[in-house]
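*Asks:* Starting off with a structure, shown below.
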Amino acid sequence: MPLVSVVMPVHNAAATLGPSVRSVLAQTHSDLELLITDDASSDDSMDLLTELARQDERVLPGAAARQGGAARARNLAIERAQGDFIAFLDSDDMWLPTKLEKQLAFAATAGTPLTFTSYYKVDALYAGEAADFVPNGRVVWAPEHVDYSAMLVQDHIGALTAMYDRRVLGAKLMPDMPKRQDYALWLSIMRDGTPARALREPLAVYRSQRAGSLSSNKLSLVQYNWNLYRRHEQLSVVRSTRALVGAAWHSVRKSHI
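Numbering (this note's numbering), first residue to last: 987 to 1243.
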């Protein structure tokens, strides 16, 4: 059984952290390590992590020396990883119990080191556990296959569903960006022609962001995407503009799910 290293950044997430961690520990594929980096939280997140680690030795918390953002927190966890696969989950999202088992079986025949799945959306105030989740019809459906060109127009990969094969790619770190660092990572993996393939079954639960949050502010995402296209991917102004228009359209469509 392959060992899966699950990467989770935490910052002031005491209200949602418990269900997120428990959804990982309840996986039917149990050969995993949960690498959590507390990014200088000012709430009870670190105390909760210490207790969760006491209860299950697979929970491996660490603490950033100072607040550095989600990319740095994830990278600190990736640098500690021992697994064959690297998977990602944020501290306010959850996995359904068979997520890893089904995705690993899919990855074995997918022919690519980068896989992902569809996922459900719930409101930010959802307080249930993954084991009690009832499918609600709000699904972000993953396309079966995406390449680099398709990813420039839309980030099809939900970070809470992504998993890459460390044996093939090595320990790929996220670019140190304030936002869209996960998108930048997928693009860096796919830039040389590597495709991403999806198991279309929804196997994770995403909490929609509260109004006014960074993720819900579409105007701010336009600027982040533009910087990603121009600085990180070094695209021309014309190609960046085309990608930006497509990304904006798909972002609006997804927000209505």
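Idealized CB from N, CA, C, for every residue including glycine.
Going by DSSP, name the residue or residues bridged to Ser1104.
*Replies:* Pro1188
*Asks:* Per DSSP, what are the beta-bridge partners of Arg1052 in this structure?
*Replies:* Paired residues: none, contrary to the question.
*Asks:* With DSSP as the reference, please indicate the residues paired to Thr1023 in a beta bridge.
*Replies:* Pro995, Gly1048
*Asks:* Using a Cβ-Cβ cutoff of less than 7 Å, which residues in the same chain neighbour Ala1234 once the five nearest sequence positions on both sides are dropped?
*Replies:* Contacts found: Val1208.
*Asks:* Please state the DSSP three-state secondary structure of Asp1017.
*Replies:* coil
*Asks:* Apply the 10 Å Cβ neighbour rule to Val990 and answer buried if 16 or more other Cβ atoms are within range, or exposed otherwise.
*Replies:* The C-beta of Val990 has 16 or more other C-beta atoms within 10 Å across all chains shown, which makes the residue buried.
*Asks:* To which residues of the same chain is Gln1053 closer than 6 Å at the C-beta, ignoring the five residues directly before and after it?
*Replies:* Asp1025, Ala1026
*Asks:* What residue range is occupied by the uninterrupted alpha helix (DSSP H) comprising Met1149?
*Replies:* It is not in any alpha helix (DSSP H) - Met1149 instead sits in the beta strand (DSSP E) that spans 1149–1151.
*Asks:* Measure the C-alpha to C-alpha separation of Arg958 and Tyr1210 and round it to an integer number of angstroms.
*Replies:* Nothing can be reported for residue 958: it is not among the residues displayed for the chain, which extend from 987 to 1243.
*Asks:* For the structure I just gave you, are there three or more beta carbon pairs, one from the stretch 1081–1092 and one from the stretch 1124–1132, closer than 8 Å?
*Replies:* no
*Asks:* Suppose contacts are defined by Cβ-Cβ distances below 8 Å. Is Ser1077 in contact with Met994 by that definition?
*Replies:* Going by C-beta atoms, Ser1077 is nearer than 8 Å to Met994.
*Asks:* For a minimum of 3 consecutive residues, which ranges assigned as the beta strand (DSSP E) are wholly contained in the stretch 1072–1153?
*Replies:* 1100–1108, 1149–1151
*Asks:* Name the DSSP bridge partner or partners of Arg1183?
*Replies:* In DSSP, Arg1183 forms a bridge with Thr1101, His1131.
*Asks:* According to DSSP, simplified to helix, strand and coil, what is Arg1040?
*Replies:* Under the three-state reduction of DSSP, Arg1040 is assigned to helix.
*Asks:* In angstroms, rounded to a whole number, what distance separates the CA positions of Ile1243 and Gln1140?
*Replies:* 16 Å
*Asks:* Please classify Arg1166: does DSSP put it in a helix, a strand, or coil?
*Replies:* coil
*Asks:* For Ala1059, which option in Arg1186, Val1231, Pro1164 has the closest C-alpha, if you only look at C-alpha atoms?
*Replies:* Measuring from the Cα of Ala1059, the nearest candidate turns out to be Pro1164.
*Asks:* Could you work out which residue in Arg1124, Tyr1134, Ala1093, Ala999 is closest to Ser988 when comparing CA atoms only?
*Replies:* Going by the sequence as given, residue 988 is Pro instead of Ser. Ranking Arg1124, Tyr1134, Ala1093, Ala999 by Cα distance to Pro988 puts Ala1093 first.
*Asks:* Check whether the stretch 1145–1154 touches the stretch 1168–1180, taking contact to mean three or more Cβ pairs, one atom from each stretch, closer than 8 Å.
*Replies:* In short, these stretches touch, since the Cβ pair count reaches three.
*Asks:* So Leu1034 and Val992 are in contact, right, with Cβ under 8 Å, and what is the actual spacing, rounded?
*Replies:* Contact flag wrong, Cβ pair sits at about 17 Å.
*Asks:* Less than 8 Å between the beta carbons of Asn998 and Met1160, yes or no?
*Replies:* no
*Asks:* Tell me the rounded alpha-carbon separation between Val1126 and Gln1068.
*Replies:* C-alpha of Val1126 to C-alpha of Gln1068: approximately 31 Å in a straight line.
*Asks:* By DSSP, does Arg1228 sit in helix, in strand, or in coil?
*Replies:* helix
*Asks:* Rounding to the nearest angstrom, what Cα-Cα distance links Asp1107 and Arg1040 in this structure?
*Replies:* According to the sequence provided, residue 1107 is Lys. The question's Asp does not apply to it. Each residue's alpha carbon lies about 31 Å from the other.
*Asks:* Which one or two residues does DSSP pair with Arg1193 in a beta bridge?
*Replies:* Val1108
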